[in-house]
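Per the UniProt record's numbering, numbering through the sequence shown is continuous, rising by one, with the last residue being 131. Presented below is the structure to which this report refers.
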Amino acid sequence: MDVFRVATDNIHDYTDTVSCYISWCTSICVPPRIYRRFPNQKPWFNQDIQAKIREQSMAFQSGNEQQYRLARYALLKSIRTAKKSHTEKLENCYTGNDSRRMWQGIQAVTNYKENKHTASTSDFYVLLCPV
Numbered sequence: 001m002d003v004f005r006v007a008t009d010n011i012h013d014y015t016d017t018v019s020c021y022i023s024w025c026t027s028i029c030v031p032p033r034i035y036r037r038f039p040n041q042k043p044w045f046n047q048d049i050q051a052k053i054r055e056q057s058m059a060f061q062s063g064n065e066q067q068y069r070l071a072r073y074a075l076l077k078s079i080r081t082a083k084k085s086h087t088e089k090l091e092n093c094y095t096g097n098d099s100r101r102m103w104q105g106i107q108a109v110t111n112y113k114e115n116k117h118t119a120s121t122s123d124f125y126v127l128l129c130p131v
């Protein structure tokens, strides 16, 4: 790490350089994964259910009624299992003495999201007096 220290005397530049280098190393070693979440997706919706939906759709398009029935049954079974595991996960938030997990469980159940944008006085004046 002396290589970075020799390059600059400013502590902010040094920390920025080291942080960027660590990020670059992790991006090479750890492959990135992209998760697509849609606003209308339920919290228990997972990749298994998504795969079963695709199987059911393909069975319907093929016209094979027996295959479609089996795919539909498998989808309903996996939805039931996913809902049950999600419920158990939320119920585990309320057992024990961890108040932080309890509040996270309550926020998950009520779909509570903090307001990320807080209006400041400068925003207020910009809204009132556009240039």
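Quick reminder that beta carbons are idealized off the backbone N, C-alpha and C, glycines included. Everything numeric in this text was worked out from a predicted model, so none of it was measured.
If I measure Cβ to Cβ from residue i and keep anything under 6 Å in the same chain, skipping five residues before and after, which residues do I get?
i     : result
Gln67 : Ala59
Quick one: grab the DSSP three-state call for residue i.
i      : result
Trp24  : helix
Cys129 : For Cys129, the pLDDT reaches just 48, beneath the cut-off of 50, and the residue's location in the model is therefore unreliable, although a value from the coordinates is still provided. Three-state DSSP puts Cys129 in coil, outside helix and strand.
Tyr112 : coil
Thr17  : helix
Gln41  : coil
Asn92  : helix
Arg69  : helix
Gly63  : coil
Asp9   : coil
Can you say whether residue i is buried or exposed, counting buried as having 16 or more other CB atoms within 10 angstroms of its CB?
i     : result
Lys52 : buried
Leu75 : buried
* Check whether the region 66 to 86 touches the region 36 to 48, taking contact to mean three or more Cβ pairs, one atom from each stretch, closer than 8 Å. => Cβ pair count under 8 Å is three or more, so yes.
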